[in-house]
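S.K.: Sending over a structure as structure tokens; questions will come in a sec.
Residue numbers (the numbering used here): 14 to 178.
Put into structure tokens, the structure is as follows:
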């Protein structure tokens with residue numbers, strides 16, 4: 014039995030040695046070649062020719078509706094600069110943007126009992142139509158629209174304050 018064990022042990026040892034040695038020899042390259050970069054002379058990728066959307070500008074000869082984007086741009090810039098902006102900030106920005114101060118109306122920033130107004134409204138009578146803006150927590154942010162003026166030529170009905178600055 015000892016002879017059988019020796020033969021079996023020898024066979025196992027020979028097989029293990031054979032496997033170990035076969036890993037050391039190669040019949041072909043099994044190593045993964047390291048990639049090298051060839052110099053590239055490809056032309057740069059073509060750039061998109063899409064143009065940025067036009068920035069709205071005041072167009073005095075056009076209708077109020079055609080100037081609504083510009084009106085919104087001016088008002089949104091006020092809100093970005095000061096989220097707690099009041100009527101004066103909107104009026105001043107619209108004047109700086111080219112709108113006629115004499116054609117504007119604005120509601121008070123404070124209520125009759127001296128509380129902060131939940132929202133304010135302002136308007137510009139522009140080429141026979143009214144550009145109206147509204148902003149405040151009660152109105153859910155900023156809103157605007159174009160409407161016809163009242164029979165008396167006003168854009169805002171109810172209490173407004175003088176624009177005397």
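Each residue gets a CB set at the ideal place from its N, CA and C atoms; glycine is no exception. As the structure is a computational prediction, the values presented were derived from the model and not from experiment.
Say whether the region 78-97 touches the region 127-147, bearing in mind that this needs 3 or more beta-carbon pairs closer than 8 Å, one atom from each stretch.
M.R.: Flag = yes, the region 78-97 and the region 127-147 touch.
S.K.: May I ask you to report which of helix, strand or coil DSSP gives residue 83?
M.R.: It is helical.
S.K.: Tell me whether the region 62-81 and the region 91-106 touch, counting them as touching only if at least three CB pairs, one residue from each stretch, are closer than 8 Å.
M.R.: No, the region 62-81 does not touch the region 91-106.
S.K.: Ends of the beta strand (DSSP E) at residue 103?
M.R.: That residue, residue 103, is in no beta strand (DSSP E); its alpha helix (DSSP H) goes 100-109.
S.K.: Where DSSP assigns a beta bridge to residue 133, which residues make up the other side?
M.R.: 148, per the DSSP bridge assignment.
S.K.: So, residue 2 versus residue 151, is the Cβ gap smaller than 8 Å?
M.R.: The structure shown has nothing for residue 2, since the chain only spans 14 to 178.
S.K.: On a CA-only basis, which of 159, 163 and 103 is nearest residue 77? Give me that one, please.
M.R.: If we check each option's Cα against that of residue 77, 159 comes out closest.
S.K.: Tell me, please, whether the CB atom of residue 134 is closer than 8 Å to any CB atom in chain B?
M.R.: Among the protein chains of the structure shown there is no chain B, as only one such chain exists.
S.K.: Between the Cα of residue 134 and those of 115, 162, 126 and 104, spot the shortest distance and give me the residue it belongs to.
M.R.: The residue with the shortest Cα to Cα distance from residue 134 is 104.
S.K.: Can you tell me whether residue 93 is helix, strand or coil according to DSSP?
M.R.: Residue 93: helix per DSSP, three-state reduction.
S.K.: Going by C-alpha to C-alpha distance, which of 101, 166 and 136 sits closest to residue 178?
M.R.: Looking at the Cα atoms, 101 is the closest of the given residues.
S.K.: Looking at the structure shown, is residue 23 part of a helix, part of a strand, or coil, going by DSSP?
M.R.: Reliability of the predicted coordinates at residue 23 is poor, the pLDDT of 45 falling under 50, and the value obtained from them is presented with this limitation in mind. In the structure shown, residue 23 sits in a helix (DSSP, three-state: H, G or I).
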